[in-house]
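Q: My questions will all concern the structure given below.
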Amino acid sequence: MGDDSVMECVMDAGTVQVKTSFNTDKFNEYPDDKHAGLHNYGGSVKNGVLECSFERKIEYPREPKVFDLSKPYHLMVAYGEAVSGNKFPHSYEKLPKVSAQKINFQDVGSVKGGASAVYPMVKAHGTAMTFAWMFFASSGLFIARHGRAMFNNSKPFGILVWFHIHRFSMIMTALLTLVGFALILVESKGYSKIPDSPGNKSWYRMLHPPIGIVLVVMTFVNPIMALFRPEPKAPSRSKFNWIHWGLGILAYILSYGLILIGLDLTKSQSDVEAIYVVFAFIAYHVVMEIVIRVLPFLLAHMFGCCQSDCCSKQALNKNSS
Numbered sequence: 001m002g003d004d005s006v007m008e009c010v011m012d013a014g015t016v017q018v019k020t021s022f023n024t025d026k027f028n029e030y031p032d033d034k035h036a037g038l039h040n041y042g043g044s045v046k047n048g049v050l051e052c053s054f055e056r057k058i059e060y061p062r063e064p065k066v067f068d069l070s071k072p073y074h075l076m077v078a079y080g081e082a083v084s085g086n087k088f089p090h091s092y093e094k095l096p097k098v099s100a101q102k103i104n105f106q107d108v109g110s111v112k113g114g115a116s117a118v119y120p121m122v123k124a125h126g127t128a129m130t131f132a133w134m135f136f137a138s139s140g141l142f143i144a145r146h147g148r149a150m151f152n153n154s155k156p157f158g159i160l161v162w163f164h165i166h167r168f169s170m171i172m173t174a175l176l177t178l179v180g181f182a183l184i185l186v187e188s189k190g191y192s193k194i195p196d197s198p199g200n201k202s203w204y205r206m207l208h209p210p211i212g213i214v215l216v217v218m219t220f221v222n223p224i225m226a227l228f229r230p231e232p233k234a235p236s237r238s239k240f241n242w243i244h245w246g247l248g249i250l251a252y253i254l255s256y257g258l259i260l261i262g263l264d265l266t267k268s269q270s271d272v273e274a275i276y277v278v279f280a281f282i283a284y285h286v287v288m289e290i291v292i293r294v295l296p297f298l299l300a301h302m303f304g305c306c307q308s309d310c311c312s313k314q315a316l317n318k319n320s321s
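By the count of full-length UniProt numbering, the sequence shown reaches residue 321 at its end, each step adding exactly one.
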């Protein structure tokens, strides 16, 4: 929303107030005359339903933010909460309904075909972030933790295969994170807070923007730090490894929290089943991590320290480290 002429009905101390206002990019503002262009207005509450009526002048030249109704416009219907006549943002549980086509407000008739607004940039943002962290970051972390003993120590271009895969995966994670971040900045025209409202049980939604900024910073700090990693035998290498690992794991955990919150945001227009899929993916990761960690020790115990070449203690230790 933005650049919208608004006719509003608001309950204030038991009285229904009918006013004119205007939506800018992120705020709702009143003109000097809060009833500009309106007359014969009034309202009431019947059986818990807010009703109001008014007549609107076709033109009101004294206030440019009161649109000329001789031109067609989309009709948008929104509702929300108000305290002492002060409006809060419209409901985030259900987005405003918008007419499918522009309407001639000088005609008399029913408006049909209303639907919630569509946000393709939000979907593109979510898609980029999901691929970045659920696919590429997961692949990069898995190969770094459990794939070092694979590929028979082959070194194409002088670098171990596992490191090629890890580096490519994390570069793609960073690039897609940057793309997703840029998309949502364009959509929201900069940093945008998710507002709260009285009695809102979904307070956690407000965490999405600030923690998202933190994740983007962490995504780029870690690879930049890796460019200056100490030599393998340097005394500070162990400290670097722990910091690099810890920062990566923390970013990975935060990413899943943000994905789950993002799917719960109304603009994502996601079904609740999508959240279940993410939880199932997390559960799969946890189970596989436990299996990979525990299975070598179970095999060692069952087969007497693994006398076969394919199950030596050395291989087990490499795979479990």
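Ideal Cβ placement from N, Cα and C applies to all residues, glycine included.
Between residue 60 and residue 38, what straight-line distance do the alpha-carbon atoms span, to the nearest angstrom?
A: 10 Å
Q: Is the segment 143-150 close to the segment 174-181, with three or more CB pairs under 8 Å?
A: no
Q: For residue 240 and residue 5, what's the separation of their Cα atoms in angstroms?
A: So the alpha carbons of these two residues sit roughly 56 Å apart.
Q: With a threshold of 16 other CB atoms inside 10 Å of the CB of residue 24, please say whether the residue is buried or exposed.
A: exposed
Q: Which residue or residues does DSSP assign as beta-bridge partners of residue 17?
A: The secondary-structure analysis by DSSP pairs residue 17 across a beta bridge with 10.
Q: Give the secondary structure of residue 222 by DSSP, where H, G and I count as helix, E and B as strand, and everything else as coil.
A: In this structure, DSSP gives residue 222 a helical state, which the three-state scheme calls helix.
Q: Considering only residues of the same chain and omitting the five flanking positions on each side of residue 65, which have a CB-CB separation below 7 Å?
A: 5, 22 and 31
Q: Measure from the alpha carbon of residue 71 to the alpha carbon of each residue in 144, 9, 103 and 86, then state which is nearest.
A: Distances from the CA of residue 71 to each of 144, 9, 103 and 86 were compared; the closest alpha carbon is that of 103.
Q: Beta-carbon within less than 8 Å of residue 118's beta-carbon, same chain only, minus the 5 sequence neighbours each way: which residues are those?
A: 269
Q: Spatial neighbours of residue 172 within its chain, please: CB distance less than 6 Å, with the 5 preceding and 5 following residues excluded, ordered by chain position.
A: 136
Q: Buried or exposed: which applies to residue 302, given that a residue is buried once 16 or more other Cβ atoms fall within 10 Å of its Cβ?
A: exposed
Q: Quick check: what's the CA-CA separation for residue 221 versus residue 49?
A: 53 Å
Q: May I have the straight-line CA-CA distance separating residue 3 from residue 214, to the nearest angstrom?
A: 31 Å
Q: From the DSSP output, read off the bridge partner residues of residue 53.
A: 42
Q: Relative to the C-alpha of residue 144, which candidate in 162, 233 and 248 has its C-alpha closest?
A: 162
Q: Residue range of the beta strand (DSSP E) that residue 83 falls in?
A: 80-83
Q: Which two residues bound the contiguous alpha helix (DSSP H) that contains residue 146?
A: 138-146
Q: Could you pull the DSSP bridge partners for residue 28 from this structure?
A: 23
Q: Can you tell me which of the three DSSP states residue 155 falls into?
A: Note: residue 155 maps to coil in three-state DSSP.
Q: Could you give the DSSP three-state label for residue 302: helix, strand or coil?
A: helix
Q: Just to check my reading of the structure: residue 278 and residue 256 have Cβ atoms closer than 8 Å, yes? What is that Cβ distance to the nearest angstrom?
A: Their Cβ separation, rounded to whole angstroms, is 7 Å, which keeps residue 278 and residue 256 in contact under 8 Å.
Q: Should residue 44 be labelled buried (16 or more other beta-carbon atoms within 10 Å of its own) or exposed?
A: So residue 44 ends up on the exposed side.
Q: Given this structure, state the Cα-to-Cα distance separating residue 207 from residue 158, to the nearest angstrom.
A: 44 Å
Q: Quick check: residue 12 and residue 84, are their CB atoms within less than 8 Å of each other?
A: yes
Q: So residue 87 packs on residue 18, CB below 8 Å; how close in whole Å?
A: Actually they do not touch by this definition, with Cβ atoms about 13 Å apart.
Q: Using only CA atoms, which one of 55, 131 and 82 lies nearest to residue 105?
A: If you compare the alpha carbons of 55, 131 and 82 with that of residue 105, the shortest gap goes to 55.
Q: What residues in its chain sit with their C-beta under 8 Å from that of residue 82, if we drop five residues either side in the sequence?
A: Same-chain partners within the cutoff: 10, 11, 12 and 88.
Q: Can you tell me whether DSSP reads residue 103 as helix, strand or coil?
A: strand
Q: How many Å lie between residue 264 and residue 204 at the Cα?
A: 10 Å
Q: When you compare each of 47, 42, 121 and 142 to residue 293 by their alpha carbons, which one comes out closest?
A: Restricting attention to 47, 42, 121 and 142, the CA atom closest to the CA of residue 293 is found in 142.
Q: Skipping 5 residues on each side, what residues in its chain have a beta carbon closer than 8 Å to that of residue 243?
A: 225
Q: In the structure shown, what three-state DSSP assignment does residue 66 receive?
A: coil
Q: Can you tell me whether DSSP reads residue 134 as helix, strand or coil?
A: In the structure shown, residue 134 sits in a helix (DSSP, three-state: H, G or I).
Q: Can you give me the start and stop residues for the alpha helix (DSSP H) that residue 170 sits inside?
A: 161-188
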